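Residues in the sequence shown are numbered consecutively from 151, following my numbering. Note that beta-carbon positions come from the ideal geometry of N, C-alpha and C, so glycine has one too. Remember, predicted model here, so these are calculated numbers, not experimental data.
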Amino acid sequence: MSTPPPTGPLVTRDALAAQLRELGVRPGETLLVHSSLSSLGWVCGGAVTVVRGLLDALGPDGTLVVPTQSGDLSDPRVWSNPPVPEEWWDTIRATMPAYDPLVTRSLGVGVIPETVRTWPGALRSAHPQTSFAAVGPRAAEIVEGHAPDCRLGERSPLAKLEALYARVLLLGAGYDSCTSFHLAEYRIPSPLVKVGRPGPTGWEVVTEVAITSDRFDELGHDFERDRPVVRGKVGAADARLFPVADAVAYAERWLAVHRPREEEI
151 MSTPPPTGPL VTRDALAAQL RELGVRPGET LLVHSSLSSL GWVCGGAVTV VRGLLDALGP
211 DGTLVVPTQS GDLSDPRVWS NPPVPEEWWD TIRATMPAYD PLVTRSLGVG VIPETVRTWP
271 GALRSAHPQT SFAAVGPRAA EIVEGHAPDC RLGERSPLAK LEALYARVLL LGAGYDSCTS
331 FHLAEYRIPS PLVKVGRPGP TGWEVVTEVA ITSDRFDELG HDFERDRPVV RGKVGAADAR
391 LFPVADAVAY AERWLAVHRP REEEI
């Protein structure tokens with residue numbers, strides 16, 4: 151049985167860069183990108199072409215930022231996709247490799263962030279589960295100081311991006327992947343949770359703000375209705391462009407009303 155031909159569209163580096171510029175991506179800006187390679191169409195050169203197109207649109211003075219999360223560095227007790235036998239848990243905790251920003255792979259964020267993570271000159275933040283990688287002049291400023299007990303809060307790259315007037319590009323990705331909304335969770339009453347993970351000296355448990363993307367799709371729908379969001383197409387993908395600061399400010403108000411949560415451990 152033969153494989154059906156791709157449906158396209160055919161996407162090239164130059165076309166991608168041109169469409170990003172047409173959407174409104176500006177040379178020299180700082181851009182946090184959430185992406186889906188498969189949504190773009192048939193990309194000649196795959197994720198490498200997408201990264202090159204993004205860097206072309208940003209120019210030499212722009213900085214590209216992506217989430218490079220590694221949620222698999224977590225307590226096997228909470229794994230569900232798939233779960234592992236309970237009798238394995240202690241061994242997994244004892245032998246799981248600690249986070250290494252140079253070699254720990256990203257997971258669950260797509261192939262484009264993983265490509266950025268390994269890009270020449272890329273820098274990556276220090277949080278073992280919710281790191282970000284960046285390429286460009288502001289990369290070091292953005293990724294440094296990511297506190298080990300602050301996944302996506304005030305001492306994470308998200309707060310740096312907000313202060314730098316960075317924008318978010320959803321490139322074929324939905325609002326459920328918009329990490330900027332999580333920064334708002336740190337600014338409203340939220341539960342605290344114990345988070346287990348491998349550390350440099352063995353298994354460790356830290357107290358963290360509980361984060362969840364529950365209802366982020368609804369939040370994004372209302373945000374797009376009420377605030378200026380640039381919309382367009384890049385390849386076959388729906389693309390959205392908006393400031394990090396706008397998303398955080400809107401989410402603070404929206405979550406407090408629509409998803410109230412008690413502050414407790």
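Three-state secondary structure assigned by DSSP to residue i
i: Leu-141; result: For residue 141 there is no data in the structure shown, the boundaries of the chain being 151 and 415.
i: Arg-381; result: strand
i: Gly-203; result: helix
i: Pro-217; result: strand
i: Trp-238; result: helix
i: Pro-393; result: strand
i: Thr-180; result: strand
i: Pro-278; result: coil
i: Pro-298; result: coil
i: Ala-248; result: coil
i: Glu-304; result: coil
i: Glu-414; result: Because the pLDDT of Glu-414 is 39, which lies under 50, any placement of that residue in the model is unreliable, and the number read from its coordinates should be weighed accordingly. It is coil, neither helix nor strand.
i: Ala-309; result: helix
i: Ala-316; result: coil
i: Val-407; result: helix
i: Asp-222; result: coil
i: Ser-327; result: helix
i: Pro-263; result: helix
i: Val-175; result: coil
i: Asp-367; result: helix
i: Gly-375; result: Here residue 375 is Arg; the residue named in the question, Gly, does not match the sequence. Correct three-state label for Arg-375: helix.
i: Tyr-336; result: coil
According to DSSP, residues forming a beta bridge with residue i
i: Trp-192; result: Leu-160
i: Ser-185; result: Leu-321
i: Leu-342; result: Val-359
i: Pro-348; result: Trp-353
i: Val-285; result: Leu-214
i: Leu-273; result: Ala-284
i: Ala-387; result: Val-384
Burial state of residue i, where buried means 16 or more other Cβ atoms lie within 10 Å
i: Ser-230; result: exposed
i: Gly-203; result: buried
i: Arg-271; result: Looking at the sequence shown, residue 271 is not Arg but Gly. Answer is exposed; the Cβ neighbour count stays below 16.
i: His-371; result: exposed
i: Pro-235; result: exposed
i: Thr-265; result: buried
i: Tyr-315; result: exposed
i: Ile-415; result: Because Ile-415 carries a pLDDT of 34, less than 50, the predicted location of this residue cannot be relied on, and no value is offered for it.
i: Val-253; result: exposed
i: Pro-232; result: exposed
i: Cys-194; result: exposed
i: Pro-339; result: exposed
i: Thr-180; result: buried
i: Thr-157; result: exposed
Integer Cβ distance of residue i from residue j, believed to fall under 8 angstroms
i: Ala-389; j: Leu-320; result: 7 angstroms
i: Val-216; j: Glu-312; result: The pair is not a contact, with the Cβ atoms about 16 angstroms apart (cut-off 8 angstroms).
i: Ala-197; j: Trp-353; result: Not really, about 33 angstroms apart at Cβ, beyond 8 angstroms.
i: Arg-227; j: Trp-239; result: 6 angstroms
i: Val-293; j: Arg-274; result: 6 angstroms
i: Gly-295; j: Arg-305; result: 6 angstroms
i: Lys-310; j: Glu-335; result: With 8 angstroms as the limit, Lys-310 and Glu-335 do not qualify as a contact, their Cβ atoms being about 17 angstroms apart.
i: Ala-283; j: Pro-263; result: 7 angstroms
i: Val-359; j: Leu-182; result: In fact, because the Cβ distance is near 20 angstroms, the residues do not count as touching under 8 angstroms.
i: Arg-347; j: Glu-402; result: Actually they do not touch by this definition, with Cβ atoms about 28 angstroms apart.
i: Ser-186; j: Ala-395; result: So it is not a contact: roughly 24 angstroms between Cβ atoms.
Contact test: residue i Cβ vs the ligand GTP heavy atom, cutoff 8 angstroms
i: Leu-320; result: Here there are no bound small molecules, and the ligand GTP is not part of this structure.
Would you check if there are 3 or more beta carbon pairs closer than 8 angstroms linking the segment 312-331 to the segment 357-372?
-> Verdict: yes, contact present.
Counting pairs of Cβ atoms below 8 angstroms between the segment 194-214 and the segment 156-170, do you hit three or more?
-> These segments touch.
The segment 256-266 touching the segment 369-387, judged by at least three CB pairs closer than 8 angstroms = No, the segment 256-266 is not in contact with the segment 369-387.
Could you tell me whether the segment 169-184 touches the segment 209-225, using the rule of 3 or more Cβ pairs below 8 angstroms?
-> A contact between stretches requires three or more CB pairs, one per stretch, nearer than 8 angstroms, and the segment 169-184 meets this requirement with the segment 209-225.
So does the segment 297-311 actually touch the segment 274-289, counting three or more Cβ pairs closer than 8 angstroms?
-> Cβ pair count under 8 angstroms is three or more, so yes.
Any chance the segment 396-408 sits against the segment 341-356, with 3 or more Cβ pairs inside 8 angstroms?
-> Fewer than three beta-carbon pairs drawn from the segment 396-408 and the segment 341-356 are found closer than 8 angstroms, and the two stretches are therefore not classed as touching.
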